[in-house]
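Each position in the sequence shown, counted from 1, maps to that position plus 235 in the numbering used here. Ideal Cβ positions, reconstructed from N, Cα and C, are used throughout, including at glycine.
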Amino acid sequence: MRVFLFALLVFGFASRSSGDKAEKPFNELCPVMGEKVNPKVKTVSYAGKTYGFCCSGCDKKFAADPAKYAANLSADGKVFVGQKAPLTH
Numbered sequence: 236m237r238v239f240l241f242a243l244l245v246f247g248f249a250s251r252s253s254g255d256k257a258e259k260p261f262n263e264l265c266p267v268m269g270e271k272v273n274p275k276v277k278t279v280s281y282a283g284k285t286y287g288f289c290c291s292g293c294d295k296k297f298a299a300d301p302a303k304y305a306a307n308l309s310a311d312g313k314v315f316v317g318q319k320a321p322l323t324h
């Protein structure tokens with residue numbers, strides 16, 4: 236019985252930890268503000284890519300108009316090539 240409970244406990248933690256992992260964003264800079272991506276902020280998927288952001292305000296702006304903000308980044312996500320949004324956070 237102890238072995239069964241232990242196995243159940245291990246399985247529960249294993250399945251929980253794999254479900255909590257956020258996808259790693261492809262970009263290094265926020266597509267809204269051009270600042271460094273904060274790994275603690277949730278990501279948004281768009282056009283087959285996962286985007287990271289500098290703050291939670293930017294993920295909401297991006298979700299409202301992803302095409303506009305995705306165009307602000309180079310293809311590799313390392314260079315901000317667009318116009319920065321007005322500072323609102």
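Note: TYR281 is bridge-paired with LYS284 in the DSSP secondary-structure output. In the DSSP annotation of this structure, the continuous segment of the alpha helix (DSSP H) that includes LYS295 starts and ends at 291 to 299.
In chain order, PHE261 place their CB closer than 6 angstroms to the CB of LYS284, counting only its own chain and leaving out the 5 sequence neighbours on each side. Under the three-state reduction of DSSP, LYS271 is assigned to strand. Taking C-alpha positions only, PRO266 is separated from TYR286 by approximately 8 angstroms.
Annotated as distal: CYS290 and LYS271, with beta-carbon spacing of 8 angstroms or more.
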